[in-house]
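Notes follow once the structure below has been shown.
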Amino acid sequence: MSTTLFKPRRLLAHLLLLGGAAFMLMPFAWMLATAFRAPSEIFEASLLPWPRTWYGFGHFAEVFKAAPIGRYMFNGLLICTGILVVQLLVAIPAAYALAKLAFRGRSLLLLAVLGAFSIPIQVTALPLYIGLSWAQLLNTYFAQMLPFFLSLFAIFLLRQHFKSFPDEIIEAA
156 MSTTLFKPRR
166 LLAHLLLLGG
176 AAFMLMPFAW
186 MLATAFRAPS
196 EIFEASLLPW
206 PRTWYGFGHF
216 AEVFKAAPIG
226 RYMFNGLLIC
236 TGILVVQLLV
246 AIPAAYALAK
256 LAFRGRSLLL
266 LAVLGAFSIP
276 IQVTALPLYI
286 GLSWAQLLNT
296 YFAQMLPFFL
306 SLFAIFLLRQ
316 HFKSFPDEII
326 EAA
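If you read the sequence shown in the working numbering, its first letter stands for residue 156, the second for the next number, and so on.
Here it is as structure tokens:
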């Protein structure tokens with residue numbers, strides 16, 4: 156058995172992967188280079204990857220002056236935190252009940268959860284909009300969070316996780 160670290164086939168595989176990674180990072184590098192170009196240079200037909208004249212952080216300063224980025228970040232954090240808390244409060248007990256509790260209709264309920272995966276979110280968008288409009292909740296944080304309160308994927312994933320625990324561990328607790 157050979158224990159040499161250098162193998163041509165392995166080197167070729169790594170070079171190929173490195174080339175693929177560099178190719179995938181090209182749009183990000185181009186975006187970053189464009190962010191530091193002068194406004195007159197942005198739409199030029201030049202393939203230079205770096206700016207000819209360094210504009211500095213001028214574009215970033217303009218964005219922070221034109222839009223309340225801090226408020227947008229706070230809104231995103233608030234909405235994501237609200238969704239996460241409600242999803243966990245709903246998904247954990249539902250998944251535990253589907254995994255460990257014996258009740259009539261459990262398999263039918265699991266089938267309903269799995270069947271609901273086939274319903275695209277676009278199908279529920281109009282009824283949800285009409286309901287929120289009727290309740291005069293449009294343009295609120297709650298209206299942005301409501302469609303994501305129930306996560307079928309979280310219920311299914313946590314159910315599978317709870318199924319992996321032996322019943323003896325739960326009984327011992």
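For each residue, glycine too, the CB sits at the ideal point set by N, CA and C.
Out of the options, which one is the CA nearest neighbour of residue i?
{"i": "L305", "options": "A249, L187, G231, R165", "result": "A249"}
{"i": "L307", "options": "T295, R226, I274, R164", "result": "I274"}
{"i": "G211", "options": "L202, L203, A188", "result": "A188"}
{"i": "E326", "options": "R164, G237, H169, K255", "result": "K255"}
{"i": "N294", "options": "R259, G270, N230, G260", "result": "N230"}
How many whole angstroms separate the CB atoms of residue i and residue j, which I take to be in contact at a CB cut-off of 8 angstroms?
{"i": "P302", "j": "I276", "result": "7 angstroms"}
{"i": "R333", "j": "L239", "result": "There is no way to answer for residue 333, as the model of the chain reaches only from 156 to 328."}
{"i": "A193", "j": "P182", "result": "The pair is not a contact, with the Cβ atoms about 21 angstroms apart (cut-off 8 angstroms)."}
Looking at the secondary structure, which residues open and close the alpha helix (DSSP H) in which residue i lies?
{"i": "W205", "result": "Unbroken run through W205: none, as it is neither H nor E."}
{"i": "Q277", "result": "276-289"}
{"i": "G260", "result": "No alpha helix (DSSP H) holds G260; DSSP gives it neither H nor E."}
{"i": "R192", "result": "Neither: R192 is in no alpha helix (DSSP H) and is coded neither H nor E."}
{"i": "F215", "result": "213-221"}
{"i": "T236", "result": "224-255"}
Taking Cβ to Cβ, would you say residue i is nearer than 8 angstroms to residue j?
{"i": "A257", "j": "I310", "result": "no"}
{"i": "F198", "j": "W209", "result": "no"}
{"i": "I224", "j": "Y296", "result": "no"}
{"i": "A298", "j": "L312", "result": "no"}
Starting from the C-beta of residue i, find all residues in its chain whose C-beta is less than 6 angstroms away, skip the five residues before and the five after it, and write them out in chain order.
{"i": "Y284", "result": "none"}
Within a Cβ cutoff of 8 angstroms, which residues of the same chain sit near residue i, ignoring the five residues on either side of it in sequence?
{"i": "A184", "result": "P204"}
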